[in-house]
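One structure is given below, encoded as structure tokens.
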Amino acid sequence: MTRSNIRRWGWLTSLARCIVLTMFSWNVGSPLLSQEDNPLRAPNSTPPVAELSPKELSDHGKLRVDEYYWMRERENPNVIDYLTLENAYMEACMRGTVPLQSTLIEEMKGRINLTDTSVPYFERGYWYYVRTDEALQYPIYCRKKGSEAAEEEIILDVNLVAEGRPFCSVRGVEASPLGNQLAYAVDYVGRRKYSLRFKDLTTGELLPDEIMDITGNFVWAEDNQTVFYARQDPQTLRSYQIYRHQIGTNPANDPLVYEETDEEFGCHVRKTRSRKFIVIFSSQTLSTEARFLDARHPESEPIVFEARTRDHEYSIDHIGNRF
């Protein structure tokens, strides 16, 4: 298996380990599996013990003590060192199951089409689809103009986007209304903090516009030049702001369209199926609220569809001349 495919199928490795752990946990205490025969037994390995560092926290008038609060500090060298020890202990414990893990992984891979193509869908004159290649780690986004028999156009090869990066996650991948530009969100870290990038599909060149630290949720307006996107709180990662960007302008000057001030709510943006309206949804466990604006006039102010009330959830779409 190539190095790229090891990363690609990392989730299968994790799944195989979970299956192995489950199998042997069922056999704990079984006369068929003694402690000496247990592959998960690591006689020369001692499990690491995390340092206790009590921290008092007060929430809602209640005092609690968290002895492991320090482990939330992702960049703390002590946290990294401890996780390294945990991983080493896990590898030692699982060493005897490596052949079984490999068997499980190969069986699961044998049930998956490694080279495949998604079902094409028609949108504004093009057939869009995604294909994967057994030899490549990431998907390739394609389209064909007018007919499924037409020549393939690769609009985004995620393998090229990910080149030289240890991690890459791409979401969105949406062509503009006229089909001459592409927007996509990419995360190189794994913290769901995406950068919004734009590509000229006539030249294949990336546009200089780059919007950092967004959620990955975005939508094109119907003027072919404007994109609405969501930002998250840098600490909680709650999606709470919707901004508007016009291609060719400085993202630092993008106007704030809506901010969700209630910390119980998050918000996101999408377009109605009629393509006539941009809708901003706010939601929490018990209620929702929608705002809409004309997709042809992205600078217009959002209008509340129906104000939020507790225990009332709703969603809206638009067709013809009505919601």
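-5 is the number of the first residue of the sequence shown in the working numbering; add one for each residue after it. Heads up, the beta-carbon is just placed ideally off N, CA and C, and yes, glycines get one too. All of these numbers come straight from a predicted model, not from anything done at the bench.
Classify Glu283: buried if its beta carbon has 16 or more other beta carbons within 10 angstroms, exposed otherwise.
Buried.
Determine the burial state of Thr220: buried for a count of at least 16 other Cβ atoms within 10 Å of its Cβ, exposed for fewer.
Thr220 should be labelled buried.
In this structure, how does DSSP classify Arg238 when only helix, strand and coil are distinguished?
Note: Arg238 maps to strand in three-state DSSP.
Name the two residues that bound the continuous alpha helix (DSSP H) containing Cys87.
First-last of the alpha helix (DSSP H) with Cys87: Pro71 to Met88.
When DSSP labels each residue in this structure, what does Ser281 get in the three-state scheme?
Three-state result, Ser281: strand.
Using 10 angstroms around the beta-carbon of His239, count the other beta-carbons present and answer buried if the total reaches 16, otherwise exposed.
His239 is buried by the Cβ-count criterion.
How would you call Asn211, buried or exposed, if buried means at least 16 neighbouring beta carbons within 10 angstroms?
Asn211 comes out buried.
Would you identify the three-state DSSP class for Ile106, choosing helix, strand or coil?
Correct three-state label for Ile106: coil.
Three-state secondary structure (DSSP) at Pro321?
Within the shown structure, residues of the chain are numbered from -5 to 317, placing residue 321 beyond reach of any answer.
Sorted by chain position, which residues of the same chain lie with C-beta nearer than 8 Å to Thr196's C-beta, five sequence neighbours on each side aside?
Once the five neighbours on either side are set aside, the close Cβ partners of Thr196 are Asn174.
At the level of alpha carbons, what is the spacing between Leu27 and Leu6?
Only weak support is given to the placement of Leu27: the predicted model assigns it a pLDDT of 43, under 50, and the value that follows is read from those uncertain coordinates. About 26 Å.
Determine the contact status of Pro41 and Tyr76, defining contact as a CB-CB distance below 9 Å.
Going by C-beta atoms, Pro41 is not nearer than 9 Å to Tyr76.
Quick one: give me the first and last residue of the alpha helix (DSSP H) that Leu154 is part of.
Segment Val152 to Val155, the alpha helix (DSSP H) holding Leu154.
In terms of residue numbering, what span does the beta strand (DSSP E) encompassing Glu204 cover?
Note, Glu204: beta strand (DSSP E), Leu200 to Ile208.
What does the alpha-carbon distance come out to for the pair Ala129 and Leu154?
Straight-line Cα distance between these residues: approximately 14 Å.
Among all the DSSP beta bridges, which residues are the ones paired with Glu147?
Note: Glu147 sits in a beta bridge opposite Arg137.
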